[in-house]
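Data block below; observations after.
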Amino acid sequence: MFEFKIKNNNQKARSAGLGQARTGFFDTPHGIIKTPNLAIVATHGKIKLLNKTDYSRANPDLTISNTFHLFVNDKIKEIKKAGGIHKWSGFRKPIMTDSGGFQVFSLGWGKVFGIGKVARSDGISSVAGHLNLLSKNPVKISENGVIFNFSVLGGNNKEYKLTPESSIKIQQDIGADIIFAFDECTSPLHSHSYTKKSMERTHRWAIRSLKANPPAGGSKLKIQQALFGIVQGGIYEDLRKKSSKFIGSLSFDGFGIGGSFGEKQMADVLRWSLSGLPEEKPRHLLGIGKIKDIFIAVKQGIDLFDCVVPTREARHGTIYTKSGKLAIKKGIFAKDGKLIDRNCDCWVCRNGITRRELREDFSAKGGSASGGKNKKILGQRLATIHNINFFKNLFTEIREAIADNKLEKLEKEYYNYI
RNA sequence: GCGGGCGUAGCUUAGCUGGCUUAAAGCGCCACCCUGUCACGGUGGAGACCGCCGGUUCGAAUCCGGUCGCCCGCG
Numbered sequence: 000m001f002e003f004k005i006k007n008n009n010q011k012a013r014s015a016g017l018g019q020a021r022t023g024f025f026d027t028p029h030g031i032i033k034t035p036n037l038a039i040v041a042t043h044g045k046i047k048l049l050n051k052t053d054y055s056r057a058n059p060d061l062t063i064s065n066t067f068h069l070f071v072n073d074k075i076k077e078i079k080k081a082g083g084i085h086k087w088s089g090f091r092k093p094i095m096t097d098s099g100g101f102q103v104f105s106l107g108w109g110k111v112f113g114i115g116k117v118a119r120s121d122g123i124s125s126v127a128g129h130l131n132l133l134s135k136n137p138v139k140i141s142e143n144g145v146i147f148n149f150s151v152l153g154g155n156n157k158e159y160k161l162t163p164e165s166s167i168k169i170q171q172d173i174g175a176d177i178i179f180a181f182d183e184c185t186s187p188l189h190s191h192s193y194t195k196k197s198m199e200r201t202h203r204w205a206i207r208s209l210k211a212n213p214p215a216g217g218s219k220l221k222i223q224q225a226l227f228g229i230v231q232g233g234i235y236e237d238l239r240k241k242s243s244k245f246i247g248s249l250s251f252d253g254f255g256i257g258g259s260f261g262e263k264q265m266a267d268v269l270r271w272s273l274s275g276l277p278e279e280k281p282r283h284l285l286g287i288g289k290i291k292d293i294f295i296a297v298k299q300g301i302d303l304f305d306c307v308v309p310t311r312e313a314r315h316g317t318i319y320t321k322s323g324k325l326a327i328k329k330g331i332f333a334k335d336g337k338l339i340d341r342n343c344d345c346w347v348c349r350n351g352i353t354r355r356e357l358r359e360d361f362s363a364k365g366g367s368a369s370g371g372k373n374k375k376i377l378g379q380r381l382a383t384i385h386n387i388n389f390f391k392n393l394f395t396e397i398r399e400a401i402a403d404n405k406l407e408k409l410e411k412e413y414y415n416y417i
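All residue numbers for the first sequence refer to numbering that gives the first Met the number 0, where the first residue is 0 and numbers rise by one.
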């Protein structure tokens, strides 16, 4: 189990200096994941708005759920009782869970400073310059773990605690095929010294996570979960390389590249982050999924991704087509009787839904207040199904292109996104 | 014909015992945004000479008269 077979590592391209792209198969208890591939985000256990039928229509290859959100929303017992997340959700393909480490950032510094996974260049210059905001951070980090308390932001006074051990325990109860070590995601706003301190703590947490979930291959435990360690180090070359070497030396089943960074640093940060990892194990780039970035990462040798982009943008009315994004809520589509994408084979397009119809399905109009809302949700559901299929096809094309050594050519076909 | 009600952004309305209104909101429209989901979303923006004419007043969307249009009763 959890064997990773690299099928095509594009030796020719590598020797020509054109990149490290590779294809492979990752064997899990719920099927083989062809790589490169993308996990569709299902934070609370299920992809937002999709019912069981929609799942079979969208048919994602794998999904990723979130330890922190399932924990805080008190779903763990329910999932465990059902016999794990596959039975609980009805999705029988590979599932991952994130450890909650990202929420240490997204609900902490990310929220306080209003920055996201990929920080924009015009943001606040540094955390050090805004120490007055320290007291507003609802996330308290210590060597032992992390305490979340949202009362500083006006929430209730309840505390939620996660440690490497408890995160792993929860992830075992959830029972996904691939789980992640507990870490702290840092941002480009953090200084070298803080990032170093945080990274070293994340390394200690990695060892603790590993101890709490011994590798499946070498253990007699019945737990059939692959554990991925996470490389941190922010935007700093020395730290990234160090983290890569350290995490890469541990007996993880695969690796995640974590952290929030600036838009222009993607390729560099990835190169440094991958420098110390063993070739024969899968590498997952956490949270990245804009098409431009996917190509950058695949060329660096990333095997797996997860990202909210396909589903969140679908809910916000952004429809992906090969010739570019369609902001389907705009007025220009009110009389557009064309198919959403005539080259698309998704369930929505196969059923002949036009742009005008999909736009109408995003409208809150149409009858009673609740009817309007349901109608709006219909559009969002259809868009979600379409976008999932779009990204699924994108990755199929990427795998084929790597095998045919035509990745550069494929990237050019997506010029609208580059 | 008589009595009553209503006419404010593209739509639905708030304001209507006059100055806090350079007229407000929701929807719609436009632009931008979304990267290990606090998000069925966020941030901006355009858009109204308050039906029309006249009067009272220092000052009227708000009061008065007339007029046009629509609605409801009674004939």
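In this text, a Cβ means the ideal position worked out from N, Cα and C, and glycines have one as well.
Predicted model, so just to flag it, every value in this text is computed and none were measured.
From this set, 148, 138, 223, which residue's C-alpha is nearest residue 172's C-alpha? 223
For the ligand NAP, I want to know if residue 271 counts as a neighbour, meaning its beta carbon is within less than 6 angstroms of at least one of the ligand's heavy atoms. In the structure shown, the ligand NAP is absent, as is every other ligand, since no ligand is present at all.
Range of the contiguous alpha helix (DSSP H) that encloses residue 305: Premise fails: residue 305 lies in the beta strand (DSSP E), 303-306, not in any alpha helix (DSSP H).
Minimum length 4: unbroken alpha helix (DSSP H) runs contained in the segment 26-76: 51-57, 66-71
Sequence-distant residues of its chain with Cβ nearer than 8 angstroms to residue 29 (five each side left out): 85, 91, 92, 93, 94, 176
Going by DSSP, what residue range makes up the alpha helix (DSSP H) through residue 158? First-last for residue 158: 158-161, but that is the beta strand (DSSP E), not the alpha helix (DSSP H).
With distances taken between CB atoms, is the gap from residue 66 to residue 169 smaller than 7 angstroms? yes
Contacting residues, own chain, Cβ-Cβ under 7 angstroms from residue 270 (five flanking each side not counted): 299
Residue from 292, 413, 417, 406 with nearest C-alpha to residue 18: 406
Could you have a look at residue 283 and say whether DSSP puts it in helix, strand or coil? strand
Can you check DSSP and say which residues form a bridge with residue 226? 178
Three-state class that DSSP yields for residue 103 in the structure shown: helix
Status (buried if at least 16 other CB within 10 Å, exposed otherwise) for residue 232: buried
Just the Cα atoms here: how many angstroms apart are residue 47 and residue 62? 12 angstroms
Which listed residue (97, 306, 7, 144) has its alpha carbon closest to that of residue 200: 144
DSSP has residue 260 in a bridge; who is on the other side? 117
By alpha-carbon positions, which one of 131, 36, 174 ends up nearest to residue 88? 174
Count the other CB atoms within 10 Å of the CB of residue 386; is the residue buried (16 or more) or exposed (fewer)? buried
How about residue 268 and residue 246: do their beta carbons lie closer than 7 angstroms? no
Cβ-based burial, residue 370 [other Cβ within 10 Å; buried from 16]: Confidence at residue 370 is low in this model, with a pLDDT of 45, below 50, so its placement is unreliable and the value that follows should be read with caution. Residue 370 should be labelled exposed.
By how many angstroms is the C-alpha of residue 352 removed from the C-alpha of residue 292? 30 angstroms
Inter-residue Cα distance where the pair is residue 345 and residue 320: 11 angstroms
Below 8 angstroms on the Cβ atoms is my contact criterion, and I expect residue 180 with residue 204 to pass it. Report the Cβ-Cβ distance as a whole number of Å. 7 angstroms
Taking the Cβ atom as the reference point for each residue, do residue 450 and residue 281 lie within a distance shorter than 7 angstroms? The structure shown does not extend to residue 450, since the chain is modelled only from 0 through 417, so no value can be given for it.
Residues bridged to residue 97 (per DSSP): 65
Tell me whether residue 366 sits in a helix, a strand or coil according to DSSP, three-state version. Because residue 366 sits at a pLDDT of 36, beneath the cut-off of 50, its placement in the model cannot be relied upon, and the following sentence gives the value as read from the coordinates. Three-state DSSP puts residue 366 in coil, outside helix and strand.
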